[in-house]
Every structure is written in C-alpha cells, then in structure tokens.
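A.B. asks: I have a structure I would like to understand better, so I am pasting it below and will then ask my questions one at a time.
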Amino acid sequence: MLHWEELKKTCADCTRCALCDTRHNVVFGVGNETADILFIGEGPGEQEDLQGIPFVGAAGKFLDDMLSIIDIDRTNCYIANIVKCRPPHNRDPLETEQDACIGYLRNQVALIRPKIIVCLGRIAAKRVIREDYRITKEHGTWTEKNGVWMTAIYHPAALLRDVSKRPETFDDLLSIRQKLRQLAAET
Ligand code: URA
-18 MLHWEELKKT
-8 CADCTRCALC
2 DTRHNVVFGV
12 GNETADILFI
22 GEGPGEQEDL
32 QGIPFVGAAG
42 KFLDDMLSII
52 DIDRTNCYIA
62 NIVKCRPPHN
72 RDPLETEQDA
82 CIGYLRNQVA
92 LIRPKIIVCL
102 GRIAAKRVIR
112 EDYRITKEHG
122 TWTEKNGVWM
132 TAIYHPAALL
142 RDVSKRPETF
152 DDLLSIRQKL
162 RQLAAET
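So for the sequence shown, the working numbering puts the first residue at -18; every next one is plus one.
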C-alpha cells in the first residue's frame, strides 16, 4: 500500500491502460482524506479531464446539491471514480480499464478507511458492491463488506436526465444521513 503522496505521483504518471494517451489530467480524487464517507463515480467526463477534479461538470453541480441535502460538502467527504482517466466520448469504462485502475481506488479506500461507501450509478455499484447489482431494484439498500457499509444511488447525470428518479433518490439520501449519524454515534 502506498501513502498519499506516492500514490498521487504514481497515478499522475500512470500508463497502465490506453486512456493515458487521450487524457489531459488524471482525476485522482478530492476531499477529506479521513472522511467517514466515500462517494465513487464511474470516470471523469470532459470538464473533469480538463480540470483534474471529479464531478465538476453539470452532474457534479447536481451532486453538490444532493450532498447539501444531507449536510455534506467536499470538506467532509471524499469523492473518487472507478477509472481516473476520461474514457473517450464519455463511453463506459472497459472492463480492462477498470481492472488496470481499480488498485488505485483500493489503495485510497485503505488510506481513508471510510465507514460508508456510496456508489454513484450502475458501473460503480457493479464494480464495488456486486457484479450482478441491479441499480433500479437495489438502490438505497445496504450491504456490509469488510466492516464498511455500502450502498448505491442513481448517478447524478441520470437524475439530470430523468427527474422521475429524484424522489427515490431523496429517500436514499436520507437513509445515508441516518446511517452516517448512527455509525458516528457508535464510535
Ligand atoms: N461522472 C462520473 O462518474 N465521475 C465524474 O467525476 C464526473 C462525472
């Protein structure tokens, strides 16, 4: 396991998959390195690639609004992605790209030691929670894995496209707030 500075440098120089050829920046992750809660998206989009920061485009602004509902901002959570470089034209990251990159996220999880992991969307949920995870059926449900509580909610980009999913997500966010409070009270 690498420490933060080494890990950041290794990611910045990474050539483990072909996404390195087209990236402008590696999008390492942002937030509080000792946060109780970690949000995991799928991969950087155009703005994230240009700025080197996760969730700064339209979906990111919506994510910030969602987090504010449960009193979270970028100072008290950590935000990362399954892959750290932008897939061309925002396609889903390939299995091989995920495989090449996932070790970096595992290292981040080991350093942060979050109590809660929230997967943003199908790709992250399938990779982090269970390969056959069904986001439409299972969003908002909780699973404990190696002492970490995990859930998934719809990706903010999906919520921008489909407002009918927002009420369910609101309930999921309240459940996340409750879980955070409960776990904080236990320690
Ligand atoms: N979508 C993601 O999944 N991650 C980002 O960082 C931005 C958009």
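Note that beta-carbon positions come from the ideal geometry of N, C-alpha and C, so glycine has one too.
(1) Within 10 angstroms of the Cβ of Leu161, are there 16 or more other Cβ atoms? Answer buried if so, exposed if not.
(2) Return yes when the Cβ of Arg67 is within less than 9 Å of the Cβ of Gly12, no when it is not.
(3) Is DSSP giving Trp(-15) helix, strand or coil here?
(4) I want to know whether the segment 116 to 123 touches the segment 70 to 85 - three or more CB-CB distances under 8 Å.
(5) Report buried or exposed for Thr3, applying the criterion of at least 16 other Cβ atoms within 10 angstroms of its Cβ.
(6) Could you tell me which residues DSSP pairs with Met131 in its beta bridges?
(7) Leu19 bridges to which residues according to DSSP?
(8) Alpha carbon to alpha carbon, how far is Cys(-2) from Phe36?
C.D. replies: Inspection of the coordinates gives the following:
(1) buried
(2) no
(3) helix
(4) no
(5) exposed
(6) Ile98 and Thr124
(7) Tyr59 and Ile98
(8) 22 Å
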